[in-house]
Every structure is written in structure tokens, then in C-alpha cells.
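Engineer: For the sequence shown, the working numbering begins at 712 and goes up steadily by one.
Quick reminder that beta carbons are idealized off the backbone N, C-alpha and C, glycines included.
Quick one: structure below, then a few questions.
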Amino acid sequence: MRLSRRTLLAAIAQPLLAQSGPEALPAEWSRYPDPATEFEVLRLTSPAYSSLLPVAPARALDRRSRTLLYASDRSGFWHPYLLDLGKGQSRPLPAIEGLLPASLTLSADDK
């Protein structure tokens, strides 16, 4: 039996793609009426833990407003996350020991 390059590459790439990145967390969005204004508010993360946005003038949104950068202590220490604003799923970024949540920012090329 002779294997083509395409078949071999597909067989190798499949497991690598499955392990390529951290799993996205389920969406935690919830709507509730704000008691002060009586407007409906969309909560993006769970109130069970703290979540912080980068301090201005740091960028928290990408240029197309599809992704939000934030820090959360859901794991017991501050960890950076990217929130997909279309799906509501958060994806953890590589952990940095002693992360200061105020130090997060997106670069000019949204990285």
C-alpha cells in the first residue's frame, strides 16, 4: 500500500490541530435589569469571581470590536483571557506569574 503525501500530512495534522490551543470556556453571559436605571444590562462574566479590564489608555478591544482582553481570578490568581464577543466564550492566554491586571493591553496589530 502506498501513502500519498496528502494522506500522511492529514494524519499528522489532525492530532496537532486538536491540541493547538487552550479550550474555550463556556459563555457566562446573562441579562438582568439594572435596579438604578431600570435598563437591561448584559453581564459578560460571572459575578462569582473578579474580572478587570486593562486601565486606560491601554486597549481592551481589538480594532473590529470582536475580542475583549481582560484579567480574571477565577483560577485563584490573575490570569489573562480573550473574550469572543460574538460567541461569549473566553479563551485563557498563557499564564504569567504575578500578573498585574492593569498591565494588560493589545498591541497596534491586535496581539
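1. In chain order, what residues of the same chain have a beta carbon less than 6 Å from the beta carbon of P812, not counting five sequence neighbours either side?
2. Taking C-alpha atoms, which residue in P791, D745, A747 lies nearest to E808?
3. Would DSSP call P812 helix, strand or coil?
4. The beta strand (DSSP E) spanning R742 covers which residue range?
5. Using beta-carbon positions only, say whether L794 and S801 come within less than 7 Å of one another.
6. In this structure, how does DSSP classify P765 when only helix, strand and coil are distinguished?
7. Should L815 go down as buried or exposed, given a rule of 16 or more other Cβ atoms within 10 Å for buried?
8. Using the Cα positions of D821 and A767, report the straight-line distance between them to the nearest angstrom.
Structural biologist: Taking the geometry as given:
1. L763, A782, W789
2. P791
3. helix
4. 741 to 744
5. yes
6. The answer is coil: DSSP assigns P765 none of H, G, I, E or B.
7. buried
8. 16 Å
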